[in-house]
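> Numbering (full-length UniProt numbering), first residue to last: 1 to 402.
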Amino acid sequence: MSNREELILLRGRGRVSALGTNGQGPAAASPGFTMRQQGPAALPVAALPQETEKQLVALGQQHAAYRQLDRTVLLAILAARQASAQAGWASHPEATLAVSIGSSRGATGRLEHHHHEFLTTGTTAVAASPLTTLGNVASWVAFDAGSTNGAALSHSSTCSSAFQALGNAVAWLRAGMAGRFLAGGAEAPLTAFTLAQMQALGIYSPFEATQFPCRPGAGKPSTFVLGEGAAVFALEMVSRAALQAERARQVSFQPAFCLESVGFGFEAISSKTGLSAQGHHFQAAMRMALAQADCAPAAIDAVVLHSPGTPAGDAAERQAMRAVFGNNLPDITSNKWLLGHTLGASAALSLDYACQLLATQSWPAPPFATDLTPAPSRPIRRVLVNAAGFGGNAASAVISVV
Numbered sequence: 001m002s003n004r005e006e007l008i009l010l011r012g013r014g015r016v017s018a019l020g021t022n023g024q025g026p027a028a029a030s031p032g033f034t035m036r037q038q039g040p041a042a043l044p045v046a047a048l049p050q051e052t053e054k055q056l057v058a059l060g061q062q063h064a065a066y067r068q069l070d071r072t073v074l075l076a077i078l079a080a081r082q083a084s085a086q087a088g089w090a091s092h093p094e095a096t097l098a099v100s101i102g103s104s105r106g107a108t109g110r111l112e113h114h115h116h117e118f119l120t121t122g123t124t125a126v127a128a129s130p131l132t133t134l135g136n137v138a139s140w141v142a143f144d145a146g147s148t149n150g151a152a153l154s155h156s157s158t159c160s161s162a163f164q165a166l167g168n169a170v171a172w173l174r175a176g177m178a179g180r181f182l183a184g185g186a187e188a189p190l191t192a193f194t195l196a197q198m199q200a201l202g203i204y205s206p207f208e209a210t211q212f213p214c215r216p217g218a219g220k221p222s223t224f225v226l227g228e229g230a231a232v233f234a235l236e237m238v239s240r241a242a243l244q245a246e247r248a249r250q251v252s253f254q255p256a257f258c259l260e261s262v263g264f265g266f267e268a269i270s271s272k273t274g275l276s277a278q279g280h281h282f283q284a285a286m287r288m289a290l291a292q293a294d295c296a297p298a299a300i301d302a303v304v305l306h307s308p309g310t311p312a313g314d315a316a317e318r319q320a321m322r323a324v325f326g327n328n329l330p331d332i333t334s335n336k337w338l339l340g341h342t343l344g345a346s347a348a349l350s351l352d353y354a355c356q357l358l359a360t361q362s363w364p365a366p367p368f369a370t371d372l373t374p375a376p377s378r379p380i381r382r383v384l385v386n387a388a389g390f391g392g393n394a395a396s397a398v399i400s401v402v
């Protein structure tokens with residue numbers, strides 16, 4: 001890991017996805033896909049399982065104002081509560097708490113609802129505007145967390161949005177502008193209009209839910225599958241000395257996850273839905289993340305790919321990997337074959353997956369032909385995570401165990 005005296009620690013993690021809320025280490029036979037009718041066609045989607053859906057519904061009934069909130073906001077709150085509880089922050093509320101949440105589309109369901117209402121009746125609800133602004137995602141998380149003295153920041157940079165939020169949190173913590181951060185991403189895009197948009201792009205998977213419809217690294221046909229979810233992290237800056245003193249008081253060794261860096265890349269291409277064959281934005285993001293972490297490419301043991309199952313996107317990311325790592329490629333893995341592409345939440349869920357890999361030293365092997373590494377070939381000490389989205393944006397993060 002880097003030689004910084006001050007470490008950004010992930011004190012707690014929370015996640016909600018098609019795999020539920022209990023981590024990301026399921027058996028290979030249990031991905032989280034179901035079929036949903038979309039016009040004349042039925043599409044595979046990665047929706048919440050029934051038990052997690054009950055939790056989300058219950059959350060929406062806990063406060064009068066929550067009954068109007070968009071599903072994206074509720075997902076973010078549910079994940080943030082898990083992260084805060086794991087961090088034990090409720091018993092130590094004295095530090096300044098800020099919130100930074102990324103979402104590609106924000107309050108998708110509420111926006112479509114209010115727009116339909118307007119087209120149908122010519123009027124709209126008083127609350128339509130505040131409930132559909134992107135900023136209401138972070139502000140409601142801050143409200144639920146009881147923050148009264150920190151910033152509430154919402155970010156939208158397509159599918160790298162969660163890393164924009166985490167990068168902002170890292171910068172604020174290092175600048176002393178906050179003592180603690182709840183940061184991550186949330187997205188609830190399983191609406192008729194959003195599914196129709198993905199269909200229109202011609203990238204949606206032709207496979208049934210039971211056929212592992214999202215297949216990163218499998219080549220043609222395109223196997224993009226839309227999913228919903230959120231992941232939020234409780235971030236805190238701690239000195240090495242303070243961490244050592246904390247360890248001395250522990251009865252047993254408790255590993256801590258260190259977010260070493262977040263890097264960004266951009267490529268100015270004419271197509272805002274495309275990317276170069278060389279993945280220049282991926283290259284820039286990975287190189288920045290490595291430089292910020294003071295980490296040589298050879299020190300990366302595994303990469304959690306963005307890899308959404310689109311042949312062009314998958315190929316460009318592999319080209320970028322070869323440009324950055326040369327012939328010494330690390331192991332590569334992805335969680336999208338288990339929980340789909342969750343747009344603005346995907347980077348955060350990939351980072352949570354990276355933590356799972358560091359903790360368990362394992363990952364499930366995809367049951368289809370792919371270039372993903374079936375199992376780790378070496379001890380996993382440091383992981384690089386990639387994310388990218390429409391508009392030429394890319395972001396990468398480096399995480400390790402201390």
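The beta-carbon is built from N, C-alpha and C at its ideal position, and this holds for glycine as well.
#1: Would you be able to state if there are at least three C-beta pairs under 8 Å between the stretch 183 to 198 and the stretch 240 to 256?
#2: Out of curiosity, what's the CA-to-CA distance linking Pro-379 and Cys-355?
#3: How many whole angstroms separate the CB atoms of Ala-388 and His-306, which I take to be in contact at a CB cut-off of 8 Å?
#4: Return the chain-ordered list of same chain residues with a C-beta closer than 6 Å to the C-beta of Leu-166, the five sequence neighbours on each side being excluded.
#5: Put Pro-130 into one of helix, strand or coil per three-state DSSP.
#6: Taking all protein chains shown into account, decide if Lys-54 is buried (16 or more other Cβ within 10 angstroms of its Cβ) or exposed.
#7: Among Leu-201, Ser-139, Ala-76, which has the Cα closest to the Cα of Leu-349?
#8: Please classify Asn-386: is it buried, with 16 or more other beta-carbons within 10 angstroms of its beta-carbon, or exposed?
#9: By Cβ distance below 6 Å, which residues in the same chain neighbour Ala-323 in space, the five residues on each side in sequence not counted?
#10: Which residues in the same chain have their Cβ closer than 7 Å to the Cβ of Ala-369, if we skip the five residues on either side of it in sequence?
#11: So Gly-14 and Gln-61 are supposed to be a Cβ contact under 8 Å. How far apart are they, rounded?
#12: Exposed or buried, Asn-22, counting other C-beta atoms within 10 Å across all chains shown (16 or more means buried)?
#13: Output the residue ranges of the beta strand (DSSP E) runs that lie fully inside the stretch 237 to 309 and measure 3 residues or longer, sorted by chain position.
#14: Let's test the definition: count the other Cβ atoms within 10 Å of the Cβ of Thr-133 and tell me whether it reaches 16, buried, or not, exposed.
#15: Taking DSSP as the reference, what is the three-state secondary structure of Ile-77?
#16: Quick check on Gly-229: does DSSP put it in helix, strand or coil?
#17: Give me whichever residues DSSP pairs with His-155 in a beta bridge.
#18: Below 6 Å CB to CB, which residues in the same chain sit around Ser-154 once its five sequence neighbours on both sides are set aside?
#19: Using the C-alpha atoms, what's the distance from Val-232 back to Phe-163?
#20: Between the C-alpha atoms of Val-170 and Thr-121, what's the straight-line distance to the nearest angstrom?
#21: For a test of the three-state rule: what should DSSP assign to Thr-333, helix, strand or coil?
#22: Starting from the Cα of Leu-372, find the closest Cα among Met-177, His-341, Lys-272, Leu-329 and give me that residue.
Short version:
#1: no
#2: For this step, residue 379 is matched to residue 379 along the sequence shown. For this step, residue 355 is matched to residue 355 along the sequence shown. About 14 Å.
#3: As a first step, residue 388 is located in the sequence shown; it is residue number 388 there, counting from the start. As a first step, residue 306 is located in the sequence shown; it is residue number 306 there, counting from the start. Between His-306 and Ala-388 the Cβ distance is about 5 Å, and since that is below 8 Å, they are a contact.
#4: For the purposes of this step, residue 166 is identified with residue 166 of the sequence shown, where counting begins at 1. Within the same chain, Leu-166 has close Cβ partners Ala-183, Val-262.
#5: Counted from its first residue, the sequence shown places residue 130 at position 130. The answer is helix: DSSP assigns Pro-130 an H, G or I state.
#6: Along the sequence shown, read from residue 1 onward, the residue named residue 54 stands at position 54. Exposed is the call here.
#7: Walking along the sequence shown from the start, residue 349 turns up at place 349. Checking every option, the nearest Cα to that of Leu-349 belongs to Ala-76.
#8: The sequence position of residue 386 within the sequence shown is 386, counting from 1. That one is buried.
#9: The count along the sequence shown starts at 1 and reaches residue 323 at position 323. Taken in chain order, the residues that qualify are Gln-283.
#10: Working through the sequence shown from its first residue, we reach residue 369 at position 369. Cβ within range, chain order: Ala-218.
#11: As a first step, residue 14 is located in the sequence shown; it is residue number 14 there, counting from the start. As a first step, residue 61 is located in the sequence shown; it is residue number 61 there, counting from the start. Gly-14 to Gln-61, Cβ: 20 Å. No contact.
#12: Position 22 of the sequence shown, counted from the start, is the residue given in the question as residue 22. Label assigned to Asn-22: exposed.
#13: 257 to 266, 302 to 304
#14: Sequence index remark: in the sequence shown, residue 133 carries index 133 (1-based). Burial call: exposed.
#15: Residue 77 sits at position 77 when you count from the first residue of the sequence shown. If DSSP states are grouped into helix, strand and coil, Ile-77 belongs with the helices.
#16: For the purposes of this step, residue 229 is identified with residue 229 of the sequence shown, where counting begins at 1. Looking at Gly-229 - three-state DSSP - the assignment turns out to be strand.
#17: Start at 1 with the first residue of the sequence shown, and residue 155 comes out as number 155. According to DSSP, His-155 bridges with Gly-102.
#18: The sequence position of residue 154 within the sequence shown is 154, counting from 1. Here the set comprises Ile-101, Leu-134, Gly-135, Val-137, Ala-138.
#19: One-based indexing of the sequence shown puts residue 163 at position 163. One-based indexing of the sequence shown puts residue 232 at position 232. If I take the Cα positions, the gap works out to 11 Å.
#20: As a first step, residue 170 must be located in the sequence shown, where it is residue number 170. As a first step, residue 121 must be located in the sequence shown, where it is residue number 121. Roughly 46 Å separates the two Cα atoms.
#21: Reading the sequence shown from its first residue, position 333 is the one you call residue 333. Thr-333 falls in the strand class under three-state DSSP.
#22: By one-based count along the sequence shown, residue 372 stands at place 372. Checking every option, the nearest Cα to that of Leu-372 belongs to Leu-329.
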